[in-house]
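*Asks:* Residue numbers (this note's numbering), protein chains in the order written: chain A, 198 to 516; chain B, 198 to 516; chain C, 198 to 516; chain D, 198 to 516. Yeah, the Cβ is synthetic: ideal placement off N, Cα and C, and Gly gets one too. Encoded as structure tokens, here's the structure I'll be asking about.
Number of protein chains: 4
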Amino acid sequence: MATVAILGASGYSGQETLDRVLRHPDLDVAALGSDSLAGETAAALDLRLNGSLPRFVRNEDALAAGADLVFLCLDNERAAAIEPPADTIVVDLSGAHRLADPELARVWYAVAPGAWSYGLPELYAPEGNLIANPGCYATAALLALAPLAEAIDPGTVVVDAKSGVSGAGRELKASSHAGFVLENLSPYAVGAHRHAPEIAQQLGFAVCFVPHLLPVRRGLLATCYVHTNEDARALLEDAYAGSDVVRVLSEGTTPELARVQGTDAAEIGVFQDGSTGTTIVVCALDNLGKGAAGQAVQNANLALGLDETAGLRLAGVLV
Amino acid sequence: MATVAILGASGYSGQETLDRVLRHPDLDVAALGSDSLAGETAAALDLRLNGSLPRFVRNEDALAAGADLVFLCLDNERAAAIEPPADTIVVDLSGAHRLADPELARVWYAVAPGAWSYGLPELYAPEGNLIANPGCYATAALLALAPLAEAIDPGTVVVDAKSGVSGAGRELKASSHAGFVLENLSPYAVGAHRHAPEIAQQLGFAVCFVPHLLPVRRGLLATCYVHTNEDARALLEDAYAGSDVVRVLSEGTTPELARVQGTDAAEIGVFQDGSTGTTIVVCALDNLGKGAAGQAVQNANLALGLDETAGLRLAGVLV
Amino acid sequence: MATVAILGASGYSGQETLDRVLRHPDLDVAALGSDSLAGETAAALDLRLNGSLPRFVRNEDALAAGADLVFLCLDNERAAAIEPPADTIVVDLSGAHRLADPELARVWYAVAPGAWSYGLPELYAPEGNLIANPGCYATAALLALAPLAEAIDPGTVVVDAKSGVSGAGRELKASSHAGFVLENLSPYAVGAHRHAPEIAQQLGFAVCFVPHLLPVRRGLLATCYVHTNEDARALLEDAYAGSDVVRVLSEGTTPELARVQGTDAAEIGVFQDGSTGTTIVVCALDNLGKGAAGQAVQNANLALGLDETAGLRLAGVLV
Amino acid sequence: MATVAILGASGYSGQETLDRVLRHPDLDVAALGSDSLAGETAAALDLRLNGSLPRFVRNEDALAAGADLVFLCLDNERAAAIEPPADTIVVDLSGAHRLADPELARVWYAVAPGAWSYGLPELYAPEGNLIANPGCYATAALLALAPLAEAIDPGTVVVDAKSGVSGAGRELKASSHAGFVLENLSPYAVGAHRHAPEIAQQLGFAVCFVPHLLPVRRGLLATCYVHTNEDARALLEDAYAGSDVVRVLSEGTTPELARVQGTDAAEIGVFQDGSTGTTIVVCALDNLGKGAAGQAVQNANLALGLDETAGLRLAGVLV
């Protein structure tokens, strides 16, 4: 059994990571860090957390607990300030360590990049002990586009993405107030979202990325538009053949948020627009699952040499 | 006072058209047609319809009532079968008379085009007595794109649109069941939606159009991606200067569904993606307002020589 | 024309009150108070507010502007601190002046009651210049129960109420976060809500009142359970005969949130449970309409001697 | 391993039952019945059903497949018409066999009661091979009230219940259309719902039961009002001590839909209204989990002598 510390366990991604760890046959919780809940029992976070879990400690104490594996479920600034312990696998769910280019890292996250590898297992295997977990939007865009990267015209790629409100975290802000979110839809950060340089870094070219806030609790769908002369479906089916996490849907079947909510799986649909020759690749995933906690545990499994999907939620509730 | 007959008054667009007619200072209801509610009082449709309204009659009787103005709020097939009375202004809210090309009209609607003019007042003034009211998606896409049509590269235009469930009408179908719609999002009719040829007909070139079903009751938002060397904002502000219906938002302000729900107004936002040089034009409107009933009444006002916005809902509920 | 100042114009109830004032033929905006938006144009609040409106000023300046009529759309504490100007009609939409009993006023609002009258026009006509506008839950419960008060067994009255999230205001709090509200339902403040003593004060006896938070933006429905030997329907129809605001639905017709959303109307349904002899009275209204701004303007109209429903929204959007 | 046939596998409760069976260590799918999907692969129902599942057969063929255990996930009429095979455990999720009184069974379901036992494991252990699975509303009301039945005044019990739309099944009807459900709330079948006699049968006295349709996909919350001189909390804690399915929340903690959605667990909160002496017992559960499929599998486990909670979903998704 490997021991685990979760820093920032009381946020959305922290809770979801804890859920996967509790389901995991080979992981044991060593410490739950939360500066706001330090001293309280785990039931303060969630009634379903049984009495045997350790009490919350401060994040610095969780980091110092000597766990084999540390999940950073902190905001960008606090994650950037963490000094990773030696000989420890650290998976950072924040954005702080995703951009390798010093200038981009400075502009978008005000950090200096370190020796972190970008881990999106189906496309970019994590290497070493320090793993930057991808952003939720970037995960969906990359799953849809990376297998096509060499076959598409880079100048005209559009990623129109839509995400549920949990993607913005548990923090209180006007744009997460239910009075704003319900029965509403709006694009945000148009032309200025931090996941855009992350997508560009991995693809090797920029895409036009526009996120929208959906009136749903969780789930993310990216509709990607490309021009290619190759068989996009074949390239994607090839890329994810044998994957238990990413499934390419058969012709005519459409990805749906509801089908991936609460799971760590992703769905990809491929369509052709006859009138303009555009290929449309749609990826649906749960922003807190494959877009955060599920992928973080998947990365940790690879780093620990465990079964890649241990602990993951791969089949959701049916209705 | 002009007299009005509404055929199909019990559907969503019929009800909304009736609402605008009831608010209108110069229109009087002559007949409410509904094959399913024939013989019943208007209160059978809506408790707010007061007792003084005529009872529902069959659609054929409403058509024969001799009204000055007839709104067709029928499905495509039944609208196509209507024989317009002489000397009557007819506004067809269905798709049956939108496509002028005989082959396209046959393929998409199984009809032969007649002498109908396409009326989208800010862009295409209705002419004559027979007016085809645009589709909701087409209205949003055209408001965003038509003023730019000569300035953009036609090969790479993407229209990613999202609509509330009322866009699919009151008919019972699996994709309008709340168990499917709630907490969900999915694209549909990808590469095969009837509003695509309508948009192409008006712009003069095809665009890649993908609609998505939102978990909201009403409202539609189209995010349009174009490449242009001209100042898109200036072209759009110019096109809608002085309009009481369409407003181009100031720089940095984002269109929102909630702000146009229940109104006949449309909002347009213009953004620039620096990394790819893409211009993003976002249009929000209510699919039942500017996307249907509001525009129908606007067209009727022009045909009757009345104030263009009489009867329209131009300011919505604030929250 | 009477002149109006709105204090707290940027909150939900302030915005909605402004909307009714803008629609009102006999009211003119003199000052819009908002400490947070002072100095900004009205468009900072809402794009639909046209350029001719005055800029926001600080609330104290709005109060000192010498308007004939002042709406207090402030929180309880700030409303309690207001010194009403002489010869001015003041309608307080907060709870600060609703409870007349000094001990209750102290316990629930930490205020001393002044010479304020409780104005719920269909039941309790406002008197004098200082009018306490009822709470949204209290309005629904009282509309359902007050006409029956002398005919029911006071010991067993239950008011099970459900409200949309805007009832909790625009303030940022965990229970208004969309991640909590969406796809959720929970009772809150069980046995401890401030509207309970308000209901008791007006009825003359306590009821068991339990509110629940609904995943909707606006609207409130109260299901009230009573035992009576009299004809509840007749009593209610009698009480609201001739009202343009409150309508008692015919037998078998059920109140619905959707039908009153965005309006200042209320709907009442009356039902009988044969197996237990319980009478069920259901009242639906919009918490921001009849439950706040609509009623405030109704009260102001009465105090000014104007048409009671001037400026009100009495027919909503149809779908 | 026991073999299982599910009749009506393509409805909501059928799908959810299948989900629990697939998770179950001791159950094996022998036949999936669906008259509408007969001949198709299981993937026609749900993409997540892998290729190894049997094809759908007609319901009569599924019944004749000789399985050890049969789940009836049919509508009331079709369930009533089923002839249970000898030596087979049959769990009926419909209402057809819930009412034991011949007159009530005739009035509410047009059936004659047979030798079926009512199985709600925490309160009424199933007996014999034929088990009637309780209704979702009845389950919530009984979990809240049965332990108090002898301690409460039967004349004044109120059950105000709220359920998501999946409780009404997958059938297409106007009241399940998303255009009706979204941003809406309404009571229905007031004083006339089939779960009322079911609750009365088990408690021994009638209660006033009013259901409401919530704008959520799944989940049910019943707020129950009683008068008692005994310690309701103690009675409830006693009744569910040691249960892994039903948890009585600690004082001040409120049941929430979101916390039980997608699970087979139930939450109970107990509150006191000081002003009227009313005790409020709130029960939250998932209408498709503890309210249907979860309870059906729990009943089957008891009948087969298996671990009562095998296959159940007792911890849900965290956010």
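1. Kindly indicate if chain C contains any beta-carbon less than 7 angstroms away from that of residue 453 of chain B.
2. Does the stretch 391-404 of chain D come close enough to the stretch 433-446 of chain D to have 3 or more Cβ pairs within less than 8 angstroms?
3. Using 7 angstroms as the limit for Cβ to Cβ distance, is residue 379 of chain C near chain A?
4. If we call anything under 7 angstroms between Cβ atoms a contact, is residue 288 of chain A one with residue 281 of chain A?
5. Restricting to Cα atoms, I'd like to know which of A/382, A/339, A/326 and A/207 is closest to residue 243 of chain A.
6. Determine, using beta carbons only, whether residue 215 of chain C comes closer than 7 angstroms to chain A.
7. Contact between the stretch 264-280 of chain D and the stretch 204-218 of chain D is defined here as three or more beta-carbon pairs at a separation below 8 angstroms; is this criterion met?
8. Verify the CB distance criterion: does residue 478 of chain A have a CB-CB separation below 7 angstroms to chain C?
9. Say whether chain A places a C-beta atom closer than 7 angstroms to the C-beta of residue 359 of chain B.
10. Using a Cβ-Cβ cutoff of 8 angstroms, what residues of the stretch 364-377 of chain B are near chain D? List them in chain order.
11. Hey, out of C/401, C/398, C/211 and C/421, whose CA is closest to residue 408 of chain C's CA?
12. What does residue 456 of chain A reach in chain E if we use C-beta pairs closer than 8 angstroms?
13. Exposed or buried, what is residue 304 of chain C when buried is set at 16 or more other beta-carbons lying within 10 Å of its beta-carbon?
14. Starting from residue 469 of chain C, find everything on chain D with Cβ-Cβ shorter than 8 angstroms and list it in chain order.
15. Express the C-alpha separation of residue 330 of chain C and residue 489 of chain C in angstroms, rounding to a whole number.
16. The alpha helix (DSSP H) spanning residue 396 of chain D covers which residue range?
17. Does the Cβ-Cβ distance between residue 474 of chain A and residue 415 of chain A come in under 7 angstroms?
18. Tell me whether residue 449 of chain D is buried or exposed, calling it buried when 16 or more other Cβ atoms sit within 10 Å of its Cβ.
19. If we ignore side chains and look at the alpha-carbon of each, how far apart do residue 516 of chain D and residue 314 of chain C end up?
20. What's the C-alpha gap between residue 225 of chain C and residue 250 of chain C?
21. Use the C-beta contact count for residue 311 of chain C: other C-beta atoms within 10 angstroms, 16 or more gives buried, fewer gives exposed.
22. Under 9 angstroms Cβ-Cβ, which residues of chain D neighbour residue 332 of chain A?
23. Could you pull the start and end residues of the alpha helix (DSSP H) that residue 436 of chain D belongs to?
24. Whose Cβ in chain A lies nearer than 9 angstroms to the Cβ of residue 439 of chain D?
25. Comparing alpha-carbon positions, which option in D/368, D/370, D/356 and D/364 lies nearest residue 397 of chain D?
26. Any idea which residues DSSP pairs residue 480 of chain C with across the strands?
27. Considering just the uninterrupted stretch of the alpha helix (DSSP H) at residue 242 of chain B, what are its terminal residues?
28. If we define contact as Cβ-Cβ less than 7 angstroms, is residue 516 of chain D a contact residue for chain B?
29. Report all residues from its chain with a CB closer than 7 angstroms to the CB of residue 275 of chain C; omit the five preceding and five following residues, and keep chain order.
30. Buried or exposed: residue 427 of chain B, going by 16 or more other Cβ atoms within 10 Å of its Cβ?
31. When you compare each of C/379, C/269 and C/432 to residue 327 of chain C by their alpha carbons, which one comes out closest?
32. For residue 233 of chain B, which of B/368, B/301 and B/320 has the nearest alpha-carbon?
33. When the Cα atoms are used, what is the spatial distance from residue 338 of chain A to residue 478 of chain B?
34. Please classify residue 222 of chain D as buried or exposed, where buried requires at least 16 other C-beta atoms within 10 Å of its C-beta.
35. With a floor of 4 residues, list each alpha helix (DSSP H) that falls wholly inside the stretch 225-312 of chain A, ordered by position along the chain.
36. With distances taken from CA atoms, which of C/402, C/501, C/458 and C/212 is nearest residue 239 of chain C?
*Replies:* Put simply:
1. The residue given as residue 453 of chain B occupies position 256 in the second sequence. It does not; no Cβ of chain C falls within 7 angstroms.
2. no
3. Indexing the third sequence from 1 puts residue 379 of chain C at position 182. True, the Cβ-Cβ gap to chain A drops below 7 angstroms.
4. If you number the first sequence from 1, residue 288 of chain A lands on position 91. If you number the first sequence from 1, residue 281 of chain A lands on position 84. Going by C-beta atoms, residue 288 of chain A is not nearer than 7 angstroms to residue 281 of chain A.
5. Taking the first residue of the first sequence as position 1, residue 243 of chain A is located at position 46. Of the listed residues, the one whose Cα sits closest to residue 243 of chain A is A/207.
6. Residue mapping note: residue 215 of chain C aligns to position 18 of the third sequence, counting from 1. Chain A, which has no Cβ nearer than 7 angstroms to the Cβ of residue 215 of chain C, makes this no.
7. yes
8. Position 281 of the first sequence, counted from the start, is the residue given in the question as residue 478 of chain A. It does not; no Cβ of chain C falls within 7 angstroms.
9. Residue numbering aside, residue 359 of chain B sits at position 162 when the second sequence is read from its first letter. Cβ-Cβ to chain A under 7 angstroms: yes for residue 359 of chain B.
10. 367, 369, 370, 371, 373, 374, 375, 376 and 377
11. Position 211 of the third sequence, counted from the first residue, corresponds to residue 408 of chain C. Nearest option by C-alpha distance: C/421.
12. Checking the listed chains, one finds no chain E in this structure; the protein chains it contains are A, B, C and D.
13. In the third sequence, the residue the question calls residue 304 of chain C occupies position 107. So residue 304 of chain C ends up on the exposed side.
14. Here residue 469 of chain C is taken as the residue at index 272 of the third sequence, counted from 1. Those are 388, listed as they occur along chain D.
15. Looking up residue 489 of chain C in the third sequence gives position 292. Looking up residue 330 of chain C in the third sequence gives position 133. Distance between the alpha carbons of residue 489 of chain C and residue 330 of chain C is about 7 angstroms.
16. Taking the first residue of the fourth sequence as position 1, residue 396 of chain D is located at position 199. Unbroken alpha helix (DSSP H) run through residue 396 of chain D: 392-400.
17. On the first sequence, residue 474 of chain A is found 277 positions in, with the first residue counted as 1. On the first sequence, residue 415 of chain A is found 218 positions in, with the first residue counted as 1. No, Cβ-Cβ distance for residue 474 of chain A and residue 415 of chain A is not below 7 angstroms.
18. Position 252 of the fourth sequence, counted from the start, is the residue given in the question as residue 449 of chain D. Counting Cβ neighbours within 10 Å, residue 449 of chain D comes out exposed, since fewer than 16 surround it.
19. Position 319 of the fourth sequence, counted from the first residue, corresponds to residue 516 of chain D. Position 117 of the third sequence, counted from the first residue, corresponds to residue 314 of chain C. Since pLDDT at residue 516 of chain D reaches only 49, below the 50 mark, its modelled position is unreliable, and the value read off the structure follows with that caveat. So the alpha carbons of these two residues sit roughly 46 angstroms apart.
20. Working through the third sequence from its first residue, we reach residue 225 of chain C at position 28. Working through the third sequence from its first residue, we reach residue 250 of chain C at position 53. Roughly 10 angstroms between the two C-alpha positions.
21. The count along the third sequence starts at 1 and reaches residue 311 of chain C at position 114. By the neighbour-count rule (16 or more Cβ atoms within 10 Å), residue 311 of chain C is not buried but exposed.
22. Sequence index remark: in the first sequence, residue 332 of chain A carries index 135 (1-based). Per Cβ cutoff of 9 angstroms: no residues; residue 332 of chain A is ~17 angstroms from chain D at best.
23. Along the fourth sequence, one-based indexing puts residue 436 of chain D at 239. Start and end: 429-437.
24. Here the question's residue 439 of chain D lines up with position 242 in the fourth sequence. Chain A residues near residue 439 of chain D: none, gap ~14 angstroms exceeds 9 angstroms.
25. Mapped onto the fourth sequence, residue 397 of chain D falls at position 200. The shortest Cα separation from residue 397 of chain D among D/368, D/370, D/356 and D/364 belongs to D/356.
26. Counting from one through the third sequence, the residue named residue 480 of chain C turns up at place 283. According to DSSP, residue 480 of chain C bridges with C/419 and C/465.
27. Reading the second sequence from its first residue, position 45 is the one you call residue 242 of chain B. Where residue 242 of chain B is concerned, there is no enclosing alpha helix (DSSP H), given that its DSSP letter is neither H nor E.
28. As a working note, residue 516 of chain D is residue 319 in the fourth sequence. Because residue 516 of chain D sits at a pLDDT of 49, beneath the cut-off of 50, its placement in the model cannot be relied upon, and the point is left open.
29. The sequence position of residue 275 of chain C within the third sequence is 78, counting from 1. Nothing meets the Cβ criterion.
30. As a first step, residue 427 of chain B must be located in the second sequence, where it is residue number 230. Exposed is the call here.
31. The sequence position of residue 327 of chain C within the third sequence is 130, counting from 1. Of the candidates C/379, C/269 and C/432, the one whose C-alpha sits nearest the C-alpha of residue 327 of chain C is C/269.
32. Within the second sequence, the letter at position 36 stands for residue 233 of chain B. For the residues B/368, B/301 and B/320, the minimum Cα distance to residue 233 of chain B belongs to B/368.
33. Against the first sequence, residue 338 of chain A aligns to sequence position 141. Against the second sequence, residue 478 of chain B aligns to sequence position 281. Approximately 21 angstroms between the Cα atoms of the pair.
34. As a position in the fourth sequence, residue 222 of chain D is number 25, starting the count at 1. Looking at its Cβ environment, which holds fewer than 16 other Cβ atoms inside 10 Å, residue 222 of chain D is exposed.
35. 256-260, 273-277 and 299-306
36. Taking the third sequence and counting its residues from 1, one reaches residue 239 of chain C at position 42. Comparing Cα positions, the closest option is C/212.
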